[in-house]
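J.:
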Amino acid sequence: MKVLITGANGMVARAVIKHCRSIGDQTIALMRRELDIADAKQVEEIFRRELPDAVINCAAYTDVDGAESNREASFQVNAVGVENLALASKKIDAAFVTISTDYVFDGLNAGFYTQKDTPNPISFYGESKLEGEIRARNVYARSIVVRSSWIYGEDGTNFLSVMHQLLAAGKTIKAISDAYGTPTNAGDLAVRLRELAELDLPAVYHVTNAGDGTSYEGFARKVAELKNFNPNLIQSVSGTDLQRPAPRPVSSKLACLISEKFGLASLPNWEESLAGFLK
Ligand SMILES: NC(=O)c1ccc[n+]([C@@H]2O[C@H](COP(=O)([O-])OP(=O)(O)OC[C@H]3O[C@@H](n4cnc5c(N)ncnc54)[C@H](OP(=O)(O)O)[C@@H]3O)[C@@H](O)[C@H]2O)c1
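The sequence shown runs contiguously to residue 745 in the working numbering.
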């Protein structure tokens with residue numbers, strides 16, 4: 467399959483590129499300076515030149531706090547950019563997969579969010595991502611929207627990805643004990659994104675590692691346990707203690723109603739997948 471991957475320098479994109487190459491795909495991996503998804507003309511030109519079978523959009527404005535003060539920048543990438551990609555995919559008849567987020571939900575549901583739950587974002591980042599979902603599906607009915615959550619991976623720079631390095635260096639970390647989610651290994655997500663591109667069944671999917679989910683503190687304690695790090699380095703805090711510009715959903719665990727019905731096995735349990743990552 468010829469797969470075009472956007473935002474190629476990002477954490478998930480790198481996992482997607484690695485996986486696609488490992489199974490023999492021809493990949494066109496484009497970094498922001500090679501393809502700015504907010505530029506509709508450039509998107510269409512490149513798509514018409516490359517003619518991929520599938521597009522996997524990993525590009526996004528991902529600075530959740532920054533989006534509160536840079537609303538236009540976030541909207542241009544997460545909403546307009548996704549629409550540009552969907553429209554250009556339609557023009558060349560390519561499958562289109564785009565990644566969305568658990569932050570489209572308000573986090574007031576203590577259980578798992580499924581596709582039956584109505585999104586109600588509480589941050590501008592979440593709003594812009596939801597708008598991207600809606601626009602993609604409006605302009606190209608074949609769009610596949612993949613909501614994922616709490617992603618960590620190789621070379622990732624977010625808290626979940628670097629926690630083990632901080633603990634290994636003997637640094638104290640503050641881990642929120644009262645925010646819950648479903649961790650997702652970028653490598654596992656990459657495999658599913660590629661499967662969905664091939665399956666080509668348009669829908670909204672929820673893709674995370676299996677299990678009951680955890681809190682940030684729970685994740686940190688599991689990292690410490692698996693690597694034998696000093697658990698006293700983990701300082702338990704409440705989400706409200708960290709004065710961050712953007713509100714986060716308190717509980718945004720995701721579960722999928724349709725993946726198994728389409729013959730897709732659950733991703734590995736999050737603890738098992740984390741253990742593999744830490745090796
Ligand atoms: N990380 C998580 O926990 C998480 C959770 C749920 C959903 N997601 C979603 O998963 C997807 C991948 O996230 P990630 O964690 O891999 O993020 P990431 O590491 O921040 O990667 C995003 C990439 O998008 C690029 N980008 C930004 N604006 C662009 C533009 N206009 N045109 C082209 N590329 C652009 C960035 O380039 P620069 O580096 O040059 O800015 C960056 O390489 C995103 O859709 C995100 O919303 C992430």
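We treat Cβ as the ideally placed atom computed from N, Cα and C, and that holds for glycine.
For leucine 470, write down the residues that DSSP places opposite it in a beta bridge.
T.: Against the sequence shown, residue 470 aligns to sequence position 4. DSSP lists Ile494 and Val521 as partners of leucine 470.
J.: Specify the secondary structure class of glutamine 508 as computed by DSSP and reduced to three states.
T.: Taking the first residue of the sequence shown as position 1, residue 508 is located at position 42. In the structure shown, glutamine 508 sits in a helix (DSSP, three-state: H, G or I).
J.: If you measure from the CB of asparagine 475, is any heavy atom of ligand 1 nearer than 7 Å?
T.: As a first step, residue 475 is located in the sequence shown; it is residue number 9 there, counting from the start. Inclusion of asparagine 475 in the 7 Å shell around ligand 1 follows from its C-beta lying nearer than that to a non-hydrogen atom of the ligand.
J.: Could you tell me the distance, in whole angstroms, from the CA atom of valine 673 to the CA atom of asparagine 523?
T.: Reading the sequence shown from its first residue, position 207 is the one you call residue 673. Reading the sequence shown from its first residue, position 57 is the one you call residue 523. For the pair valine 673 and asparagine 523, the Cα-to-Cα distance works out to about 15 Å.
J.: Buried or exposed: where does alanine 479 fall if 16 or more other Cβ atoms within 10 Å of its Cβ makes it buried?
T.: As a working mapping, residue 479 is identified with position 13 in the sequence shown. It counts as buried.
J.: Alanine 561 lies in the beta strand (DSSP E); which residues open and close that run?
T.: The residue labelled residue 561 in the question sits at position 95 within the sequence shown. It spans 561–567 - the beta strand (DSSP E) in which alanine 561 sits, taken as one unbroken run.
J.: Tell me the DSSP secondary structure of arginine 613 in three-state form.
T.: To locate residue 613, count along the sequence shown from 1; it is residue 147. Here arginine 613 sits in strand by DSSP.
J.: Run through DSSP, which three-state label would tyrosine 527 get?
T.: Position 61 of the sequence shown, counted from the first residue, corresponds to residue 527. Three-state DSSP puts tyrosine 527 in coil, outside helix and strand.
J.: With a cut-off of 8 Å on the beta carbons, I'd call alanine 652 and glycine 684 a contact; round off their distance for me.
T.: By 1-based counting over the sequence shown, the position of residue 652 is 186. By 1-based counting over the sequence shown, the position of residue 684 is 218. Actually they are not in contact, since the Cβ atoms of alanine 652 and glycine 684 sit about 19 Å apart, beyond 8 Å.
J.: Who does alanine 676 pair with in a DSSP beta bridge?
T.: Taking the first residue of the sequence shown as 1, we reach residue 676 at position 210. Answer is Asn735.
J.: How many angstroms separate the CA atom of aspartate 491 from the CA atom of valine 570?
T.: Here residue 491 is taken as the residue at index 25 of the sequence shown, counted from 1. Here residue 570 is taken as the residue at index 104 of the sequence shown, counted from 1. C-alpha separation (whole angstroms): 32 Å.
J.: Using a Cβ-based criterion (distance less than 7 Å to any ligand heavy atom), does valine 689 qualify as near ligand 1?
T.: As a first step, residue 689 is located in the sequence shown; it is residue number 223 there, counting from the start. Flag unset: Cβ of valine 689 not near ligand 1.
J.: When the Cβ atoms of the segment 560–569 are set against those of the segment 516–531, are three or more pairs found closer than 8 Å?
T.: yes
J.: Any contact of the segment 540–553 with the segment 573–589, i.e. 3+ C-beta pairs under 8 Å?
T.: no
J.: From the DSSP secondary-structure annotation, give me the bridge partner or partners of lysine 557.
T.: To locate residue 557, count along the sequence shown from 1; it is residue 91. According to DSSP, which records beta bridges pairwise, lysine 557 is partnered with nothing at all.
J.: Closest to cysteine 486 by CA distance: which of Ala634, Arg498, Leu501 and Lys468 is it?
T.: Here residue 486 refers to the residue found at position 20 when the sequence shown is read from its first residue. It is Lys468 whose Cα lies nearest to the Cα of cysteine 486.
J.: Ordered along the chain, which non-local residues of its own chain (more than five positions away) have a Cβ less than 7 Å from that of glutamate 664?
T.: For the purposes of this step, residue 664 is taken as residue 198 along the sequence shown, with counting starting at 1. Result list for glutamate 664: Met467, in chain order.
J.: On the DSSP bridge assignment, give the partners of tyrosine 671 in chain order.
T.: Numbered from 1 along the sequence shown, position 205 holds the residue referred to as residue 671. Partner(s): Val612.
J.: Tell me the DSSP bridge mates of tyrosine 579?
T.: In the sequence shown, residue 579 corresponds to position 113, counting from 1. According to DSSP, tyrosine 579 bridges with Leu720.
J.: What do you get for isoleucine 489, buried or exposed, if any count of 16 or more other CB atoms within 10 angstroms of its CB means buried?
T.: Translated into the one-based positions of the sequence shown, residue 489 becomes position 23. Per the 10 Å Cβ criterion, exposed.
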